[in-house]
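Heads up, the sequence shown is in numbering that gives the first Met the number 0, so the first residue is 0 and it goes up one at a time.
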Amino acid sequence: MASSSGFKRTKTTAGLRENKRKEKIYSAIFLTPEHKKHFSNVQSRKLLMERKVTLLPQDVPEFSNEILERQWSSLCTYPDPANIAVVQEFYANAKSFSPDSEPFWSYVRGQRISFSADAINEFLNTEWEDDDELCGYAELMATELDHEEIEQTLCIAGGSFQRNRQQQPLHIKRVHLHSLSRLWMPLVHSNISPCTHVSDVTVNRAVLLYAILTGRSVNLGKLIANEIRNCANSTKAPLGHPSLITHLCKQEGVDITIPPFEHPRRPIDMGYYTQFCLDADDGAASPPPRSPRRHARQRPIPRPMASSSGFKRTKTTVGLRENKRKEKIYSAIFLTPEHKKHFSNVQSRKLLMERKVTLLPQDVPEFSNEILERQWSSLCTYPEPANIAVVQEFYANAKSFSPDSEPFWSYVRGQRISFSADAINEFLNTEWEDDDELCGYAELMATELDHEEIEQTLCIAGGSFQRNRQQQPLHIKRVHLHSLSRLWMPLVHSNISPCTHVSDVTVNRAVILYAILTGRSVNLGKLIANEIRNCANSTKSPLVCELGEANRK
């Protein structure tokens, strides 16, 4: 693909302006009443910011040379703070409510904004001579894909697509990619084809990586224009390309100087490359885990199935302590009189202890390998005896009695205890790069579930969900699960999503099992933090014990 760094499109832009919409504008902000109504939906969706690339040419020459050859330098350097209101108005007006709507146009504060392939290629200085010409990536997508060839190009030895029961490829886990693929992955996921779920690569994005690494051309403008259009016509997707959109609006005379702004995500620099890209095939070893600190604890003893190795909290704890609540503490034990009164309820509820996993790697390799790939070893080894009084005080003070209560915090004997996703992921050594990123499990829960596919993945032949009179799925009986699902079931029921009723699996927990067995990512910290919060605000559910106490120190 040829790209021109000094390419100007005066003629094309003029042609676009001559082709303005003829419809009457509803207001200075919205094209129509429908767009005005749609604005509330757009406001509820987060911005998915781009990243700058600040690697030096000599840092990773193979990456930098490809950027230079494709003349994609602007793609790597343009991200600036995005004007939140401008981006929201752009997306509100970019939605199509009629088949006659002119595509790839929006409207912001009296100005028509083009986000056509030509307009985006012009901004990025990526010339595309013939708009009707298919780029190499588009040609690949139009033909039957050689998934084995893609795997060999993108993956480390043994890495491959995760597949469903019909052997259709779903995605490639990041841990299966080699270092150069891992380096291109965040640029694709932020500046080209935005995605909240960045722990694996979907088939389409894997094809895009394959096109890049095999030297095929990519029409950036067309690809990004289609991404923006699809996002605009969605009702759930985060708002991608905010910085690009802010730049396009500025070019058309929109005032973008009034806050609030959203800043670009962490740049792709040498620190990012070293932390997230090298350990696949360059042998970058993680530091040896620290020995867990031991504390005297009361019974009950955990069920068979130490505190996390590698437990470090310096950065997170400092940030949390700077954000302390301002309210006056009622006593050395309770935050408020309401929490003191609630303590009697907590005392009446039993503790639902976790399990250790003591299987040897060779016992059930399919289970053990998944634990290792997900870096869930700490999840399987941390359970120790729980201090009953400490756990009860934690839950008494974790209950929210006000909408202004700070979430994911409790108070135990003069110490504020965080049970946020960050705190739990740090304790469990389960890296989660972007707090706002939806994991694969969360994405499944946000979409319409394919219950038949879940049954085929989890169950023996003939096994299925039990359903009500309306044929809505309720649960799967344990006897209907195959052996690997049955092995994961007690770990989910004790250490992830605690449950006293373990003879079947609810729909939500079946989706967790399905996400695990199909290689989708699971944000353990976020899932467990929500479980603890829900338990704290309940008056009946048993108390999940160990993690709340472990964070006390």
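Even for Gly, the Cβ is constructed at its ideal location relative to N, Cα and C.
This structure is a prediction, so every number in the text was calculated from the model and none was measured.
Practice task
Answer yes or no: does any C-beta atom of chain D fall closer than 8 Å to that of S189?
Solution key: Looking for chain D here will not work: only one protein chain is present.
Exercise for the section: Look at the alpha carbon of V510 and the alpha carbon of E442, and state the distance between them as a whole number of angstroms. Expected result: Here residue 510 corresponds to residue number 511 of the sequence shown, with the count starting at 1. Here residue 442 corresponds to residue number 443 of the sequence shown, with the count starting at 1. Rounded to the nearest angstrom, the two C-alpha atoms are 11 Å apart.
Exercise for the section: Measuring alpha carbon to alpha carbon, tell me which of N225, T456, K525 ends up nearest N163. Expected result: As a working note, residue 163 is residue 164 in the sequence shown. Checking every option, the nearest Cα to that of N163 belongs to T456.
Handout entry: Three-state secondary structure assigned by DSSP to V478
Key = For this step, residue 478 is matched to residue 479 along the sequence shown. If DSSP states are grouped into helix, strand and coil, V478 belongs with the helices.
Problem - Segment limits, beta strand (DSSP E) that includes L25 - result: What you label residue 25 is simply residue 26 of the sequence shown in a count that begins at 1. The question names Leu, but residue 25 is Tyr in the sequence shown. No beta strand (DSSP E) holds Y25; DSSP gives it neither H nor E.
Handout entry: Proximity of I66 and F89 at Cβ, strictly below 8 Å
Key = Numbered from 1 along the sequence shown, position 67 holds the residue referred to as residue 66. Numbered from 1 along the sequence shown, position 90 holds the residue referred to as residue 89. Contact flag unset, no.
Handout entry: Q470, DSSP secondary structure in three states
Key = One-based indexing of the sequence shown puts residue 470 at position 471. Reduced to three states, the DSSP call for Q470 is coil.
Practice task
Measure the C-alpha to C-alpha separation of I119 and E68 and round it to an integer number of angstroms.
Solution key: For the purposes of this step, residue 119 is taken as residue 120 along the sequence shown, with counting starting at 1. For the purposes of this step, residue 68 is taken as residue 69 along the sequence shown, with counting starting at 1. Approximately 19 Å between the Cα atoms of the pair.
Exercise for the section: Could you spell out the range, first to last residue, of the alpha helix (DSSP H) harbouring T245? Expected result: Looking up residue 245 in the sequence shown gives position 246. First-last of the alpha helix (DSSP H) with T245: 241-250.
Practice task
Could you give the DSSP three-state label for Q161: helix, strand or coil?
Solution key: Stepping through the sequence shown from its first residue, residue 161 is reached at position 162. Reduced to three states, the DSSP call for Q161 is strand.
Exercise for the section: Reducing DSSP to helix, strand and coil, say where E430 ends up. Expected result: Your numbering for residue 430 matches position 431 in the sequence shown. Under the three-state reduction of DSSP output, E430 falls in the coil class, being neither helix nor strand.
Handout entry: Local conformation of V197 per DSSP, three classes
Key = Taking the sequence shown and counting its residues from 1, the one referred to as residue 197 is at position 198. Coil, per DSSP.
Practice task
With DSSP as the reference, label A236 as helix, strand or coil.
Solution key: If you number the sequence shown from 1, residue 236 lands on position 237. DSSP places A236 in coil when its eight states are reduced to three.
Practice task
Out of T335, H450, L371, E454, state which residue places its alpha-carbon closest to the alpha-carbon of Y558.
Solution key: No statement about residue 558 is possible, as the shown extent of the chain runs from 0 to 552 and does not include it.
Exercise for the section: Could you name the residues that DSSP lists as bridge partners for W408? Expected result: Residue 408 sits at position 409 when you count from the first residue of the sequence shown. According to DSSP, which records beta bridges pairwise, W408 is partnered with S417.
Problem - DSSP three-state assignment for T505, whether helix, strand or coil - result: As a working note, residue 505 is residue 506 in the sequence shown. Here T505 sits in strand by DSSP.
Exercise for the section: Report yes if the CB atom of P266 is closer than 8 Å to the CB atom of K51, and no otherwise. Expected result: The residue you call residue 266 lines up with position 267 of the sequence shown. The residue you call residue 51 lines up with position 52 of the sequence shown. For P266 and K51, yes; Cβs fall inside 8 Å.
Practice task
Would you mind working out which of F96, V363, R373 sits nearest R228, comparing C-alpha positions?
Solution key: As a position in the sequence shown, residue 228 is number 229, starting the count at 1. Checked all of F96, V363, R373; the closest Cα to R228 is F96.
Exercise for the section: Give a yes or no on whether the C-beta atoms belonging to C556 and S178 are separated by under 8 Å. Expected result: No statement about residue 556 is possible, as the shown extent of the chain runs from 0 to 552 and does not include it.
Practice task
Excluding the 5 residues preceding and the 5 following E372 in the sequence, name in chain order all residues of the same chain whose CB lies nearer than 8 Å to its CB.
Solution key: As a working note, residue 372 is residue 373 in the sequence shown. Around E372: K172, V174.
Handout entry: Cβ neighbours of T152 in the same chain (closer than 7 Å, five flanking residues each side left out)
Key = Along the sequence shown, read from residue 1 onward, the residue named residue 152 stands at position 153. Cβ within range, chain order: Y209, L212, T213.
Exercise for the section: Assign P193 to buried or exposed, taking buried as 16 or more other Cβ atoms, counted over all protein chains shown, within 10 Å of its Cβ. Expected result: Numbered from its first residue, the sequence shown carries residue 193 at position 194. Answer is buried; the Cβ neighbour count reaches 16.
Exercise for the section: Report yes or no: do three or more beta-carbon pairs, one from the stretch 23-43 and one from the stretch 181-195, lie closer than 8 Å? Expected result: Taking a cut-off of 8 Å on C-beta distances, the stretch 23-43 does not touch the stretch 181-195, as fewer than three cross pairs fall below it.
Problem - Bridge-paired residues (DSSP) for V107 - result: Along the sequence shown, one-based indexing puts residue 107 at 108. DSSP lists Q110 as partners of V107.
Problem - Separation of S520 from P98, as counted between CA atoms - result: Locating residue 98 in the sequence shown gives position 99, counting from the first residue. Locating residue 520 in the sequence shown gives position 521, counting from the first residue. Each residue's Cα considered, the two are about 37 Å apart.
Problem - Sheet register partners of V41 (DSSP bridge) - result: Taking the first residue of the sequence shown as 1, we reach residue 41 at position 42. DSSP, once it has assigned bridges, lists no residue as partnering V41.
Practice task
Answer yes or no: do T245 and V85 have a C-beta to C-beta separation smaller than 8 Å?
Solution key: Start at 1 with the first residue of the sequence shown, and residue 245 comes out as number 246. Start at 1 with the first residue of the sequence shown, and residue 85 comes out as number 86. Contact: yes.
Problem - Neighbour-count burial assignment, R466, 16 or more Cβ in a 10 Å radius - result: Here residue 466 refers to the residue found at position 467 of the sequence shown. That one is exposed.
Practice task
Find out if the Cβ-Cβ distance for the pair A397, A528 is shorter than 8 Å.
Solution key: Looking up residue 397 in the sequence shown gives position 398. Looking up residue 528 in the sequence shown gives position 529. No, they are not a contact pair.
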